Amino acid sequence: MDALLCDELPQEIFHRLPPPSLTAVSLVSKRWHRLLRSSITSLSLYLPPPYEPTVIASFSSFLSQHPFLANLSIATSPFDAVGDNLLLSVSASCPKLRNLRYLTNPLSPLSLVVISTSCAHLSSISISLSRPLCFHWLRSFSGLKCLALFFTNPVSELDTYGVEEKNNAFDVEFSLENLYLSGIVSEDRGLGLLWRNCKNIKKLQLQSCASLGDFASVSGFVKILKGLRELELRACRSIVDGVLLKVAEHCVSLDSLLIYDSGSQEGLMKFINQSKCNLKRLELRLPLDLDNTHLIALAANLNFMGLVSLRLESCCLVTGDGLKVLGRTVGVKLEELGLINCDVVERESGLLTALGQDLTRLRKLDLSFNEMMVDKELTLMLASCNFLIELKLRGCRGLTDKSVASMVWSCRNLQSVDITCCGIEMEGVELLVLKSKWLRLLEVEQNKLSDAARILASSKSIEIERIHLVNDMTAKPARVKSFRFHFFFCGNAFNFISFSRR
340 MDALLCDELP
350 QEIFHRLPPP
360 SLTAVSLVSK
370 RWHRLLRSSI
380 TSLSLYLPPP
390 YEPTVIASFS
400 SFLSQHPFLA
410 NLSIATSPFD
420 AVGDNLLLSV
430 SASCPKLRNL
440 RYLTNPLSPL
450 SLVVISTSCA
460 HLSSISISLS
470 RPLCFHWLRS
480 FSGLKCLALF
490 FTNPVSELDT
500 YGVEEKNNAF
510 DVEFSLENLY
520 LSGIVSEDRG
530 LGLLWRNCKN
540 IKKLQLQSCA
550 SLGDFASVSG
560 FVKILKGLRE
570 LELRACRSIV
580 DGVLLKVAEH
590 CVSLDSLLIY
600 DSGSQEGLMK
610 FINQSKCNLK
620 RLELRLPLDL
630 DNTHLIALAA
640 NLNFMGLVSL
650 RLESCCLVTG
660 DGLKVLGRTV
670 GVKLEELGLI
680 NCDVVERESG
690 LLTALGQDLT
700 RLRKLDLSFN
710 EMMVDKELTL
720 MLASCNFLIE
730 LKLRGCRGLT
740 DKSVASMVWS
750 CRNLQSVDIT
760 CCGIEMEGVE
770 LLVLKSKWLR
780 LLEVEQNKLS
790 DAARILASSK
800 SIEIERIHLV
810 NDMTAKPARV
820 KSFRFHFFFC
830 GNAFNFISFS
840 RR
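Under the working numbering, the first residue of the sequence shown carries the number 340, and numbering increases by one thereafter.
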């Protein structure tokens, strides 16, 4: 019977099987084992030492058994400089590779040039680079759209000698659209070439950056802002005010801004008052740098009237007055609101009710980690939010099963609900599964999911992300979308550990 099936049919079946069932597929026959490997498009690998030549050869042979591999993530020991050898193995075995991630050790420009030739379809790379910074290898990646670079080693005087002259030797326009940089310091001289030649950047992410590079590099930064649409600044306190000022002066296309753990009250106010961007999405985690004056300024700037998403996290200086003013101004269009760990939710009774009445078009609501929020406050808000499709209440320990009734009766279109680490118990989970007609995703602890709820969820095609409680209650599980297999290399063989459809 097996011989009568063409290869495509078992492969299609494999893609439709739930992850737990796939463990037995490779045990059926050698043919099924081969077909399963050819169906895998994503791999996450960890290779412990020692990294002997035989191990590298086995690694290359293993990769060659996955001819359609498109996404590859590799981790190794941080104390062994084996990255270049692994990259050469990848370049020889993965001609269809599109996404590569290797952050453990810095890679050399030579190995990057080699893989650009062998893996012509690469469109996304996440790697570490050592100083001195050199970007000449980027010319070899004609189809590269997403680039994430991590700079970790300290700067020495020898590293910076002559770098600026070498990088000024050529200019070529890169095809990058998404750029992520981490760890820039003021002594980095090679970044001017990157700023000058990344003229098609749509999304820029900076994390833990103390500078944009040396003086010559900074002068070219404005060239990256012309078509910028998304900007994320995380832990970049020393540069965030300068970056925001340049964005306000030179960028009119920005529609999404995220700032975490950086900035100043004055710098943020200047950006709000001077910006000509028609912002659509704003996400801030600024415990001591955001207050009511900023929210009122947002409401007064006509360029922000089209705001569709506002997310605030740990903003302890914000009060209900500022939120109400902003809510009345942007309430007509606002579709997503996040007040995460904002004590104003617990401090001011009636605030959520007022916001619910102003924000009647909300489709996504995130009130996670407001531990003292009670059922009454949430219920009165949900009574006005009839269009909600996504609700996140993770860590809201003050809620009980009473809140579930308001969810199912007021929010009849709910598709995704996160009630992890809430006060909602097993009976509330059962009611939510039973009465929510359109629910497709539920995140909840394993011990709160009864057999009846599990069976009912399966019959209604509801995907349940069962969370096993650990010490870190804030950990968020990855959502399942495509095949991703995890392997652990031991001795001369790869041992299968787990897999999921991410």
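Ideal Cβ placement from N, Cα and C applies to all residues, glycine included.
Values in this document were obtained by computation on a predicted structure and should not be read as measured data.
Helix, strand or coil: how does DSSP classify residue i here?
i: K542; result: strand
i: S377; result: helix
i: C345; result: coil
i: F489; result: strand
i: A414; result: strand
i: D705; result: strand
i: I563; result: helix
i: E766; result: helix
i: L425; result: helix
i: K731; result: strand
i: F838; result: Residue confidence for F838 is low, a pLDDT of 39 falling below 50, so the modelled location carries little weight; the figure read from the coordinates is stated next. In the structure shown, F838 sits in a strand (DSSP, three-state: E or B).
i: L472; result: coil
i: K774; result: helix
i: D510; result: coil
i: T699; result: coil
i: F554; result: helix
i: A832; result: Note that A832 scores 42 on pLDDT, short of 50, meaning its location in the model is unreliable and no value can be drawn from it.
i: D452; result: Per the sequence shown, residue 452 should be read as Val rather than Asp. Reduced to three states, the DSSP call for V452 is helix.
i: L477; result: helix
i: F643; result: helix
i: L530; result: helix
i: K435; result: coil
i: K787; result: helix
i: A459; result: coil
Could you check where the alpha helix (DSSP H) with residue i kicks off and where it finishes?
i: I635; result: N631 to A639
i: A587; result: V579 to H589
i: I466; result: Not the alpha helix (DSSP H): I466 falls in the beta strand (DSSP E), residues S463 to L468.
i: R667; result: G659 to V669
i: R793; result: D790 to S798
i: L715; result: Note that residue 715 is Lys in the sequence shown, not Leu. Counting along the chain, the alpha helix (DSSP H) containing K715 begins and ends at D714 to L721.
i: I395; result: P392 to S403
i: I611; result: Q604 to Q613
i: W748; result: K741 to S749
Output the boundary residues of the beta strand (DSSP E) element that contains residue i.
i: S755; result: S755 to D757
i: G677; result: E675 to I679
i: T443; result: N438 to L446
i: R686; result: Careful: R686 lies outside any beta strand (DSSP E), inside the alpha helix (DSSP H) at V683 to R686.
i: V783; result: L780 to E784
Suppose the cutoff is 6 Å on Cβ atoms and the five residues either side in sequence are ignored; what does the same chain contact list for residue i look like?
i: L623; result: I598, L629 and L651
i: V736; result: Note that residue 736 corresponds to Arg in the displayed sequence, not to Val. Taken in chain order, the residues that qualify are E710 and G762.
i: F643; result: L618 and L637
i: P626; result: S653 and C655
i: E782; result: D757, T759 and E804
i: L545; result: L520, L572 and C575
i: S432; result: S399, L402 and S403
Give every residue of the same chain whose Cβ lies closer than 7 Å to the Cβ of residue i, excluding the five residues on either side of it in the sequence, and list them in chain order.
i: L593; result: L567, R568, L570, V586, C616 and L618
i: R535; result: D510, G559 and K562
i: V743; result: I763, G767, L770 and L771
i: M720; result: L691, T692, L694 and G695
i: S430; result: V453, I454, S457 and C458
i: L515; result: L483, K484, L486, C537, N539 and I540
i: S450; result: D423, L426 and L427
i: I611; result: H633, A636, L637 and N640
i: K776; result: R751
i: G552; result: I523, D527, R528, L530 and G531
i: L738; result: M712, D714, L717, L732, C761, G762 and I763
i: M765; result: K787 and S789
i: A420; result: N444
i: V579; result: L572, I598, S601, G602 and G606
From the DSSP output, read off the bridge partner residues of residue i.
i: E622; result: L597 and R650
i: S521; result: F489 and Q546
i: S592; result: DSSP output for S592 lists no bridge partner at all.
i: R535; result: According to DSSP, R535 bridges with nothing at all.
i: E569; result: K542 and S595
i: E802; result: L780
Got a sec? Which residues, its chain only, sit under 8 Å from residue i by beta carbon, not counting five neighbours each side?
i: S547; result: S521, G522, R573, A574 and C575
i: C345; result: none
Of all Cβ atoms in chain B, is any one closer than 7 Å to the Cβ of residue i?
i: N438; result: Note that chain B does not occur in the displayed structure, where there is just one protein chain.
**Prompt:** Per the contact definition of three or more C-beta pairs closer than 8 Å, is the stretch 651-666 in contact with the stretch 715-725?
**Reply:** No: the two stretches stay apart, fewer than three of their Cβ pairs being nearer than 8 Å.
**Prompt:** Quick one: any contact between the stretch 386-397 and the stretch 434-445, if contact means 3 or more CB pairs under 8 Å?
**Reply:** Too few Cβ pairs lie closer than 8 Å, so no.
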